[in-house]
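Numbering (the working numbering), first residue to last: 55 to 398. Written out below as structure tokens is the structure these notes cover.
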């Protein structure tokens, strides 16, 4: 008890006498016990909730892993089926080429194959190569011999290809004349021929000629759909090239109508044409000449390839032109070439 200033006694208070705001009365030991029990239940509920969340995450993680494995398995199966499809397609191409080679051997022995097989229409477009006469120049001699030997090696091999043919020509042979250089055969032989023509004296011209010659040569060796489609449309042989014997060098001229003209005018000889053409043809390129190539170093030997931008440029026939001596010597053919200026 305490006494105030007036002398009246007042009741003292203690913590146990404090009233609860919620109940309006004093908080008892039972209240504290109930509060502790409630807190314990809350902790158990939170723990159970965390465990359920953890379990759900584990279940979802397992499901994701299972679905990922299933997707990977399906992707591998699809890739396997696709690779098998490619293998079957390649084998089919190989058998068709082998059949054509056998037919040529029969013709060489004086025997005639069935009419449907001997006719150009009996072959797929990518299997029918131009009909050439005997070589009329050194480059024809080299390339025709190469095509004949490599095609027979490819057509009659028993397992695997004898020579590897890259998707894009390797331009290293334009700069490296060593006989032991590591370049694929087509790129190498074309590079040697181009280096022998000093008239082809700029890098854009050398790369452009190497590109179309290598692409054409690869198709003539393999005679597959893929190698045929890799050529620009305008480089693919016209019907007259498949029917009328003509010099092999004509097939390497970019403009289809010029190839037809040369077949129709056999009086135009290689030496006369080449002396004017080699110095006069050009591929329009308004940028740094060195930008037409790319140097790669993704393997031990590295390599030099055509810049994809310049490749697309070369594949547009409107960018090929002639001038100077060729225009003076062959005005009729010049007019034909000029007609391609607006073509893609």
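We treat Cβ as the ideally placed atom computed from N, Cα and C, and that holds for glycine. It should be emphasised that the depicted structure is a prediction, and the values quoted were computed from it without experimental measurement.
What does DSSP give as the partner residue(s) for residue i in the beta ladder?
{"i": "residue 337", "result": "374"}
{"i": "residue 228", "result": "Bridge partners of residue 228: none, in fact."}
{"i": "residue 186", "result": "300"}
{"i": "residue 357", "result": "350"}
Among residues of its own chain, excluding the 5 on either side of residue i, which ones have a beta-carbon nearer than 7 Å to its beta-carbon?
{"i": "residue 99", "result": "none"}
{"i": "residue 187", "result": "299, 300, 301"}
{"i": "residue 292", "result": "310, 313, 314"}
{"i": "residue 251", "result": "332"}
{"i": "residue 62", "result": "Note that residue 62 scores 46 on pLDDT, short of 50, meaning its location in the model is unreliable; the coordinates nonetheless yield the value given after this. Correct list: empty, nothing qualifies."}
{"i": "residue 368", "result": "262, 265, 337"}
Taking the beta carbon of residue i as the centre, do at least 16 other beta carbons fall within 10 Å, making it buried, or is it exposed?
{"i": "residue 272", "result": "buried"}
{"i": "residue 362", "result": "exposed"}
{"i": "residue 24", "result": "Limits of the chain in this structure are 55 at one end and 398 at the other, which puts residue 24 out of reach."}
{"i": "residue 289", "result": "buried"}
{"i": "residue 180", "result": "buried"}
{"i": "residue 203", "result": "exposed"}
{"i": "residue 20", "result": "No answer is possible for residue 20: it lies beyond the span of the chain, which begins at 55 and ends at 398."}
{"i": "residue 341", "result": "exposed"}
{"i": "residue 11", "result": "An answer regarding residue 11 cannot be provided, because it is not within the stretch 55 to 398 covered by the chain."}
{"i": "residue 335", "result": "buried"}
{"i": "residue 118", "result": "exposed"}
{"i": "residue 281", "result": "buried"}
{"i": "residue 276", "result": "buried"}
{"i": "residue 129", "result": "exposed"}
{"i": "residue 330", "result": "buried"}
{"i": "residue 142", "result": "exposed"}
Between residue i and residue j, what straight-line distance do the alpha-carbon atoms span, to the nearest angstrom?
{"i": "residue 317", "j": "residue 332", "result": "19 Å"}
{"i": "residue 269", "j": "residue 284", "result": "7 Å"}
{"i": "residue 344", "j": "residue 337", "result": "14 Å"}
{"i": "residue 163", "j": "residue 197", "result": "With a pLDDT of 42 at residue 163, under the threshold of 50, the modelled position of that residue is not reliable, and the figure given next carries that caveat. One C-alpha to the other measures close to 24 Å."}
{"i": "residue 385", "j": "residue 274", "result": "31 Å"}
{"i": "residue 346", "j": "residue 267", "result": "17 Å"}
{"i": "residue 223", "j": "residue 370", "result": "18 Å"}
{"i": "residue 237", "j": "residue 226", "result": "7 Å"}
{"i": "residue 305", "j": "residue 201", "result": "13 Å"}
{"i": "residue 133", "j": "residue 221", "result": "21 Å"}
{"i": "residue 297", "j": "residue 320", "result": "15 Å"}
{"i": "residue 216", "j": "residue 122", "result": "Its pLDDT being 47, under 50, residue 216 is placed unreliably by the model, and the measurement read from it follows with that caveat. Residue 216 and residue 122: Cα-Cα distance of roughly 40 Å."}
{"i": "residue 258", "j": "residue 360", "result": "10 Å"}
{"i": "residue 135", "j": "residue 364", "result": "36 Å"}
{"i": "residue 194", "j": "residue 326", "result": "16 Å"}
{"i": "residue 113", "j": "residue 219", "result": "51 Å"}
{"i": "residue 182", "j": "residue 239", "result": "22 Å"}
{"i": "residue 178", "j": "residue 294", "result": "16 Å"}
{"i": "residue 101", "j": "residue 111", "result": "15 Å"}
{"i": "residue 93", "j": "residue 87", "result": "10 Å"}
Could you name the residues of the same chain whose beta carbon sits closer than 8 Å to that of residue i, not counting the 5 residues immediately before and after it, in chain order?
{"i": "residue 228", "result": "245, 248, 249, 260, 261, 264, 358"}
{"i": "residue 396", "result": "372"}
* To do: With a floor of 4 residues, list each alpha helix (DSSP H) that falls wholly inside the segment 240 to 280, ordered by position along the chain.
  => 257 to 276
* **4-residue-minimum alpha helix (DSSP H) runs that sit fully inside the segment 98 to 152, ordered along the chain** => none
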